[in-house]
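Shown next, in structure tokens, is the structure this report addresses.
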Amino acid sequence: MTEVDVLVIGAGLAGLEAARRLTAAGRSVLVLEASDRVGGRTKSHALSSGEVVDLGAQWIGPGQDRVAALVEELGLHPFPQHCEGKKVLDLGGKLRTYDGDIPSLPLLGLLSLQATITRLDRLSAEVPLEAPLRAPRARAWDAMTVETWMQRNVLTAGARALVDIAVQSIFAAMPSEISLLHFLLYLRSGGGLMRLSTIRGGAQQTRLREGTQELSRRMAERLARPVLLDAAAQRILQDEAGVTVQHARGEARAKFAVVAVPPALAARITYDPPLPGARDQLTQRVPMGSVIKCVAVYERPFWRERGFSGEAVCDSGPVRIVFDDSPEHAGHGALVAFLLAEGARRAGVAGMAGTAGAAEGESVEGVEGEAGARRAQVLAVLGRLFGEEAQRPLEYVDKDWSEEPFCRGCYGGVMPPGVLTAYGDALRAPVGRMHWAGTETAVRWMGYMDGALESGERVAREILAR
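Using UniProt numbering, you'd call the opening residue of the sequence shown number 1 and step up by one each time.
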């Protein structure tokens, strides 16, 4: 049986950051990863041209200092997300174009939208980042959904539709599924609704030439011990002297363990002795978001020639948002479409999971039957938004994160009403010799790559202080 100072469960950014900091401090560390790859909720895909697109976490924004520093340290190459040109709004079945960050609405709708953004940011400022339960209205906010708040406070249908899309885009969940307190905490954690929703100056500002999964690959390569893949943790046993983890490839023993997976996946591990009630109840109540990311690749970014940025926002149909996903030097063009929340779940239930019948990177020609239905629906939407040429990609690939065996959803865990006030104190609190990491536990940039790195840094600090 392998024996080390610290066992880390999960080779995403959180687990690898904890491992590298502990290793740098002189501790022996072994990382156990359930999957056959590192990277967690990052997954980069090489096109037939060799250029890379991200099927998971993709963007880096201002204020995400940890991930920006890591990119520089590891020698990766950032480049700006393309956003020049007209954007498309598909609202109420009508197409219109707009410039700037806020879609064009009739005057009353625009005033309502601006007032809503201002009010949400003001409310979120009342939520203490490290102690959200101390917010003056914490219990009242945690007793209602974002949907309920919207119905009471967003005055026009157009503004409600756009806020609904923004919520789905940020959480991959419906407003009816999210606690208002959790929503406000998330906004505060990331700097406000507009920063989370926009490109220039926002959370979608920068991409990586090599893809974001390369962060994890290079972090793993620099560890003293190789990551043990295909080693899903099944049981964690604690005693006064240490922790034993039984996993798919054997057993390992350590003084401490870091569980760096989302709460919903942590719930699938057996604990001996059992977890405290509050921690166990928490893991039962934080489901993952639902997202399918669809990338269509073209000979060139033809929409740019017509003055479009490649961005679109839709209030109906399977697709909610679209971005230009072209490689850095735009040798090829690419569009990425997001199926979110109910839309993603409907696509999965319909039996259209995986890559819509094509292996990752495979040409879409010849893909037939039910498995190609989602691809056809997505391309039909892109054709409506950007013209008939958008329906004829060279390559198509998509990723249903609900089908990923060791993620079971993205972007992260979503807290329904009542969870944060009842069980929030258990989110980061160590249980004996076990410490909890993952972007869901971050104070700043919760749900983002930067938040994952923060959580890994925190648990390393906790262990080193013991």
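Ideal Cβ positions, reconstructed from N, Cα and C, are used throughout, including at glycine.
Could you give the uninterrupted runs of the alpha helix (DSSP H) lying entirely in the segment 220-256, keeping only those of 4 residues or more? none
Around the Cβ of Val309, are there at least 16 other Cβ atoms within 10 angstroms (buried) or fewer (exposed)? According to the sequence shown, residue 309 is Ser rather than Val. So Ser309 counts as buried.
What are the residues that DSSP puts in a beta bridge with Trp436? Val259
Just to confirm the assignment: which complete alpha helix (DSSP H) runs, minimum length 4, are found wholly within the segment 118-160? 138-142 and 146-153
Whole-Å CB distance - Ala11 paired with Gly40, under 8 Å assumed: 7 Å
Any chance the segment 138-150 sits against the segment 251-260, with 3 or more Cβ pairs inside 8 Å? In short, these stretches do not touch, since the Cβ pair count stays below three.
Residues in the same chain with beta-carbon distance under 7 Å from Ser49, minus the five sequence neighbours each way, listed in chain order, please. Gly331 and His332
Every unbroken beta strand (DSSP E) inside the segment 62-100 [3 residues or more]: 78-80, 86-91 and 94-98
Near Arg160, which residues of its chain fall below 6 Å by C-beta distance, leaving aside the five closest residues on each side in sequence? Met150 and Val154
Give me whichever residues DSSP pairs with Ala334 in a beta bridge. Val297
Does the segment 88-97 come close enough to the segment 384-402 to have 3 or more Cβ pairs within less than 8 Å? yes
Among Ala429, Leu223 and Leu265, whose alpha-carbon lies nearest the alpha-carbon of Gly277? Ala429
Helix, strand or coil for Ser189? Go by DSSP, reduced to three states. helix
So Ala232 and Gly413 are in contact, right, with Cβ under 8 Å, and what is the actual spacing, rounded? So it is not a contact: roughly 19 Å between Cβ atoms.
Express the C-alpha separation of Asp450 and Ile117 in angstroms, rounding to a whole number. 24 Å
Verify whether the separation of the beta carbon atoms of Val295 and Leu339 is less than 8 Å. Between Val295 and Leu339, the CB-CB gap reaches or exceeds 8 Å.
Can you grab the Cα-Cα spacing for the pair Ala371 / Lys293, in whole Å? Any reading at Ala371 needs caution, since the residue's pLDDT is 46, under 50, leaving its predicted position unreliable; the model's value is listed next. So the alpha carbons of these two residues sit roughly 16 Å apart.
Could you have a look at Ile165 and say whether DSSP puts it in helix, strand or coil? helix
CB Val313 to CB Phe323, shorter than 8 Å? Phe323 sits away from Val313, with the two beta carbons spaced by 8 Å or more.
Find out if the Cβ-Cβ distance for the pair Val8, Ala24 is shorter than 8 Å. no
Contact between the segment 236-245 and the segment 430-437 (3+ Cβ pairs under 8 Å): yes
Beta-carbon spacing of Leu208, Glu214 below 8 Å: yes
Let me check one thing: in DSSP terms, what residues is Cys314 bridge-paired to? Asp90
Which residues in the same chain have their Cβ closer than 7 Å to the Cβ of Glu210, if we skip the five residues on either side of it in sequence? So the qualifying residues of the chain are Val52, Leu76 and His77.
Buried or exposed, going by whether 16 or more other CB atoms sit within 10 Å of the CB of His247? Its Cβ being crowded by 16 or more others within 10 Å, His247 is buried.
Helix, strand or coil, according to DSSP, for Ala46 in the structure here? Three-state DSSP puts Ala46 in a strand.
CB of Leu193 within 8 Å of CB of Gly158, strictly: no
With DSSP as the reference, identify every bridge partner of Ala7, one or two as the case may be. One point to set straight first is that residue 7 is Leu, not Ala, in the sequence displayed. Note: Leu7 sits in a beta bridge opposite Leu30 and Ala257.
If contacts are defined as beta-carbon pairs under 8 Å, then Val38 and Val227 qualify, I think. What distance do you get, rounded to the angstrom? 6 Å
Mapping the DSSP letters down to three states, classify Val381 as helix, strand or coil. helix
Could you give the C-beta distance for Ala437 and Ala68, rounded to a whole number, given that I count them as a contact under 8 Å? 20 Å between Cβ atoms; not a contact.
Taking 8 Å as the threshold (C-beta atoms), are Pro416 and Ile178 in contact? yes
Beta-carbon separation of Val31 and Leu47 under 8 Å? Val31 is not a Cβ neighbour of Leu47, given a cutoff of 8 Å.
Below 8 Å on the Cβ atoms is my contact criterion, and I expect Gln204 with Arg320 to pass it. Report the Cβ-Cβ distance as a whole number of Å. Not confirmed; about 14 Å, so no contact.
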